[in-house]
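Here the protein sequences come in this chain order: E and C.
Per the working numbering, the very first residue in the first sequence carries number 1; after that it's consecutive.
Per the working numbering, the very first residue in the second sequence carries number 1001; after that it's consecutive.
C-beta atoms are modelled at their ideal positions from N, C-alpha and C, and glycine is treated no differently.
All values derive from a computational prediction rather than experimental measurement.
The structure under discussion appears below in the form of structure tokens.
Number of protein chains: 2
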Amino acid sequence: MIIHKEDIQQMEQRYRATFINALAGYRQAVLIGTQSISGITNLAIFNSLIHIGANPALYAFVCRPDTVRRDTLKNIMNTQYYTLNYVPERIIEKAHQTAAKYDANISEFDAVGLTPVYKEYFKAPFVLESPITIGMKLVQKIDITINNTVLIIGTIETIDIPDNIIGSDGFIALEKETIAASVGLDAYYTTDCITRLSYAKTDTWPVTIR
Amino acid sequence: MIIHKEDIQQMEQRYRATFINALAGYRQAVLIGTQSISGITNLAIFNSLIHIGANPALYAFVCRPDTVRRDTLKNIMNTQYYTLNYVPERIIEKAHQTAAKYDANISEFDAVGLTPVYKEYFKAPFVLESPITIGMKLVQKIDITINNTVLIIGTIETIDIPDNIIGSDGFIALEKETIAASVGLDAYYTTDCITRLSYAKTDTWPVTIR
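Spelled out as structure tokens, the structure:
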């Protein structure tokens, strides 16, 4: 079926949110861990992780200031530090539950039953149950004025990852730790690698490298 | 293993690119179709599709001006129109091959063997072999000065999608069309839905809705 802009505008609000979110496809769900100035830990699931560059290593995510995630944004702006914690299959329900609108004085770690971990070299809490965790430091906040969202760009400060999922060329087999892919606001997927292809060149067709 | 910022900086360049790209996790690979002012079609694979908002329906992608994708950026800035074409399992190799550095006067459609389709209501070429296609119009280009990348934000103008993969609540079952998830620069995945969970509330635990 063909859907035009006017049809999208006329969709019922919740239907449209589900449809447009799901249409954006597969993405990486991460739990973002922060701490408030008064020391309260916060944990919230985001599905908008973006690779911006490898050197320097920069990731970004999109944040809506007017949602429950405002605590995450506020804490990052105040402390500059945050963690990205990947979601394996076994903690999907707990991870999803962090999206509930808990009061600012309640830690989502406690509310959903995940364990905050502090490491001597980093100023924000990690998730013990997450097999891959990244410590990030804020470098830039970009306002997307067209719909009042913000893009938070940070540098990778530290990575904790199992040795045995990193290949000799640096590739990471996320599926070995059952890291879930997400679609839309509420769907979680297992994955299975079809192929890795060689660098594309004009004079040769790509060949399978895995 | 723990990897610190200094370790990342000291990684061999290609290893680092592979590692940091793969670590960013699952994402949606799309073929972006454009047309130059002189009428040459261009097709390039991107794996940085981002959901910015549902009302208005806005998607973005990250573009490096200094790579082969410059033709895509140039065409979008000149014409304002572009298409997003999802990659099913059966065209992964052709889609990947669009990343090769073909001369500006060669159409990647011809080079890799995909078929451009023009529709009367839209000014950029779609991919015939793609089961889900979206027509986009540029609304904003944001320069990310820290590493000389740009964020291209567009509105969804038109969507062509099979009726039978859209659920009654608007959710889209991408796996029914074998739409591939991607990791890093070169890996493609099939997916399998584990669960969809209900809207998270503080007084109830999420329940499976699919």
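Item	Value
Touch test, the segment 26 to 38 of chain E against the segment 79 to 87 of chain E, Cβ-Cβ under 8 Å, three pairs minimum	yes
Helix, strand or coil at N75/E [DSSP, three-state]	helix
Among T1018/C, L1084/C and L1197/C, the one whose alpha carbon lies nearest that of G167/E	T1018/C
Contacting residues, own chain, Cβ-Cβ under 8 Å from K1141/C (five flanking each side not counted)	M1077, V1150, L1151, I1152 and I1153
Any C-beta of chain C under 8 Å from that of M77/E	no
Through-space distance from L128/E to S1107/C, alpha-carbon basis	49 Å
Contacting residues, own chain, Cβ-Cβ under 8 Å from G1025/C (five flanking each side not counted)	V1183
V1087/C, buried or exposed, once every other Cβ within 10 Å from all chains shown has been counted against 16	buried
Residues in the segment 192 to 203 of chain E having any Cβ partner in chain C nearer than 7 Å	D192, C193, I194, T195, R196, L197, A200, K201 and T202
Cβ neighbours of E1177/C in the same chain (closer than 8 Å, five flanking residues each side left out)	Y1086, P1088, P1131, I1132, P1162 and I1165
Closer than 8 Å to chain E by CB, I1152/C	no
C-beta neighbour in chain C for S48/E, strict 8 Å	yes
Neighbourhood of L1185/C by C-beta, 6 Å cutoff - its chain only, sequence neighbours within 5 removed	N1021
Cut-off 7 Å between Cβ atoms - residues of its own chain near G1113/C, not counting five sequence neighbours on either side	K1094
Interface partners of Y1059/C on chain E, CB under 8 Å	A24
Contact under 8 Å by Cβ, F1109/C with T1041/C	yes
Rounded distance between the beta-carbons of I1159/C and I1179/C, thought under 8 Å	Between I1159/C and I1179/C the Cβ distance is about 14 Å, and since that is not below 8 Å, they are no contact.
Short-range partners of chain E found in the segment 1091 to 1102 of chain C, where Cβ spacing is below 7 Å	I1092, E1093, H1096, Q1097, A1099, A1100, K1101 and Y1102
6 Å Cβ shell around A1124/C - same chain, five flanking residues per side excluded	G1033, T1034, Q1035, Y1081, Y1082 and T1083
For N1147/C, three-class secondary structure by DSSP	coil
Contacts of R16/E in chain C (Cβ-Cβ under 9 Å)	A1054, N1055, A1057 and G1170
Buried or exposed (CB count within 10 angstroms, at least 16 for buried), D203/E	exposed
Unbroken alpha helix (DSSP H) run spanning L1023/C, endpoints	Q1013 to L1023
CB contact below 8 Å: E1/E versus chain C	Rather than Glu, the amino acid found at residue 1/E in this sequence is Met. Yes, because at least one Cβ of chain C sits closer than 8 Å to the Cβ of M1/E.
Of the listed residues T1195/C, G1053/C, I1146/C and F1061/C, nearest to R1027/C (C-alpha basis)	F1061/C
Residues bridged to Y1059/C [DSSP beta-bridge criterion]	H1051/C and G1154/C
Members of the segment 1120 to 1148 of chain C that neighbour chain E once the beta carbon cut-off is set at 7 Å	V1139, Q1140, I1142, I1144, I1146 and N1147
Rounded separation between R8/E and Y1121/C - CA only	Per the sequence shown, residue 8/E should be read as Ile rather than Arg. So the two alpha carbons sit approximately 16 Å from each other.
Residue from H1096/C, N1148/C, T1208/C and I1172/C with nearest C-alpha to Y199/E	H1096/C
C-beta atoms of L1049/C and V1030/C nearer than 8 Å	yes
Closer than 7 Å: P65/E CB and nearest the ligand ATP heavy atom	Among the components modelled here there is no ligand, and therefore nothing to report on the ligand ATP.
Partners in chain E for E1108/C, counting only beta-carbon separations shorter than 9 Å	What E1108/C touches in chain E: nothing, since even the nearest Cβ is about 10 Å away.
Nearest to Y1015/C (by Cα), restricted to the options P65/E, D169/E, I2/E and D103/E	D169/E
Beta-carbon proximity of I144/E to A57/E, cut-off 8 Å	no
Nearest-angstrom Cα separation, counted from K137/E out to N75/E	12 Å
Interface flag, V117/E vs chain C, CB-CB below 8 Å	no
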